[in-house]
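Read the structure below first, then the notes.
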Amino acid sequence: MRNKPYSSIENIVIAADIGGSHITVAPIDISLSQTVSEETFRVRVNSKGTREEILDAWLNALETAFSSFDERPDKLALAMPGPFDYENGISFIRGLDKYESLYDINIKEELANTLNLSHKHVLFRNDAEAFLHGEVATGLVEMNNRVLGLTLGTGMGTAFSHVGKTTDLNLGSMTYETSIADDFFTTRWFVKRYEALSGNKVANVEALSELVEKDRAVEVLFEEYADGLSSFLADHIAGLKIDTLVFGGNISKASRLFLPQFSARLASLGATPTIKMAQQGEQSAMIGAAFLFKEIEGLYAHKIIA
Numbered sequence: 049m050r051n052k053p054y055s056s057i058e059n060i061v062i063a064a065d066i067g068g069s070h071i072t073v074a075p076i077d078i079s080l081s082q083t084v085s086e087e088t089f090r091v092r093v094n095s096k097g098t099r100e101e102i103l104d105a106w107l108n109a110l111e112t113a114f115s116s117f118d119e120r121p122d123k124l125a126l127a128m129p130g131p132f133d134y135e136n137g138i139s140f141i142r143g144l145d146k147y148e149s150l151y152d153i154n155i156k157e158e159l160a161n162t163l164n165l166s167h168k169h170v171l172f173r174n175d176a177e178a179f180l181h182g183e184v185a186t187g188l189v190e191m192n193n194r195v196l197g198l199t200l201g202t203g204m205g206t207a208f209s210h211v212g213k214t215t216d217l218n219l220g221s222m223t224y225e226t227s228i229a230d231d232f233f234t235t236r237w238f239v240k241r242y243e244a245l246s247g248n249k250v251a252n253v254e255a256l257s258e259l260v261e262k263d264r265a266v267e268v269l270f271e272e273y274a275d276g277l278s279s280f281l282a283d284h285i286a287g288l289k290i291d292t293l294v295f296g297g298n299i300s301k302a303s304r305l306f307l308p309q310f311s312a313r314l315a316s317l318g319a320t321p322t323i324k325m326a327q328q329g330e331q332s333a334m335i336g337a338a339f340l341f342k343e344i345e346g347l348y349a350h351k352i353i354a
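Written out as structure tokens, the structure reads:
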């Protein structure tokens, strides 16, 4: 891993985005709000493996980033999926077919001890919250906007941001139709619904989007998705007085297939927020996680426009 010029080692945070099948790592300069590496470092992880297998994979990736500096950084921030005790660094993931062997493990302690870091310099942030904060911090929207962030992929992540403060909403766990929202607005819904409509199997939304010109069922599928998602979000947009939506995640890469109808349906329900697509990609969650250090050190100044 080769690094670009940075402001000072005190401003460097080694940040990681923990996904269902990988870890992505990059050094972030929190004074510049950007990564300082030539490229991010991504490693596949067997999330169904043992505690030792998972932690070893994470530690190897993290050490690659730490050791890329002549003077070793002393800060680590991770964007983590939940359920998770973010303050104390303890995983409560269970029944989600990933990272089950880490249940009730103090990951903060494991990482701090092995990487020789102070426990107070190992921070965790909800991944949806980190994603949105990273986009806001890098200027995608104005600080005074009331922003709802959506990460749509294998899971449904939601967060709210206003005047520099970003919090997880966890709307995916809310009741929707016969189950919860996460069951209807994620990749597994597309896979299951497409098979019901066409009798064919498909791996993911990317594969589906490639069939849109050949199979009418794909068009119907995205229309249903747009109608369902807009109906679910309308009340939340009104209740939180949202003026901007930010989309991220793999499903959002197919936004051309559902965004026009989604916007029209929202408007018919009285909601007309500005809609933006995330610009930082995978780096947004790492930047957002790293910014925890700015927040706790009181360095994150923002101007509130009345």
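Counting in the working numbering, the sequence shown runs from 49 upward without gaps.
We put the CB at the ideal spot given by N, CA and C, even for glycine.
As assigned by DSSP and simplified to three states, the class of residue i
| i | result |
| --- | --- |
| phenylalanine 270 | helix |
| glycine 247 | coil |
| aspartate 283 | helix |
| lysine 168 | helix |
| valine 294 | strand |
| serine 278 | helix |
| glycine 220 | helix |
| alanine 125 | strand |
| leucine 144 | coil |
| threonine 202 | coil |
| serine 149 | helix |
| leucine 196 | strand |
| aspartate 263 | coil |
| valine 61 | strand |
| lysine 355 | Nothing about residue 355 can be read from this structure; the chain reaches only from 49 to 354. |
| lysine 342 | helix |
| alanine 312 | helix |
| phenylalanine 232 | coil |
| alanine 207 | strand |
| phenylalanine 114 | helix |
| asparagine 51 | strand |
| lysine 324 | strand |
| serine 56 | coil |
| isoleucine 353 | Per-residue confidence for isoleucine 353 stands at a pLDDT of 35, beneath the threshold of 50, marking its modelled position as unreliable; no derived number is given. |
Pair within 8 angstroms by beta-carbon distance, residue i and residue j
| i | j | result |
| --- | --- | --- |
| isoleucine 60 | proline 121 | yes |
| threonine 199 | alanine 176 | yes |
| isoleucine 299 | proline 321 | no |
| glycine 182 | glutamine 82 | no |
| isoleucine 102 | leucine 165 | no |
| alanine 113 | phenylalanine 89 | yes |
| valine 84 | alanine 109 | no |
| isoleucine 323 | leucine 305 | no |
| alanine 333 | alanine 185 | no |
| lysine 168 | glycine 137 | no |
| valine 170 | leucine 124 | yes |
| leucine 126 | alanine 337 | yes |
| glycine 247 | proline 129 | no |
| threonine 234 | glycine 187 | no |
| asparagine 174 | tyrosine 134 | yes |
Extent of the continuous alpha helix (DSSP H) to which residue i belongs
| i | result |
| --- | --- |
| alanine 319 | Neither: alanine 319 is in no alpha helix (DSSP H) and is coded neither H nor E. |
| methionine 334 | 331-338 |
| leucine 180 | 175-185 |
| valine 253 | 253-257 |
| threonine 162 | 155-163 |
Host beta strand (DSSP E) of residue i (start-end)
| i | result |
| --- | --- |
| alanine 302 | From DSSP, alanine 302 is part of no beta strand (DSSP E); its letter is neither H nor E. |
| lysine 213 | 213-216 |
Where are the beta strand (DSSP E) runs, 3 residues long or more, that stay fully inside the stretch 63-109, in chain order? 70-77 and 89-92
The stretch 277-291 touching the stretch 310-317, judged by at least three CB pairs closer than 8 angstroms: yes
Hey, is the stretch 213-229 in contact with the stretch 140-147, meaning 3+ C-beta pairs nearer than 8 angstroms? no
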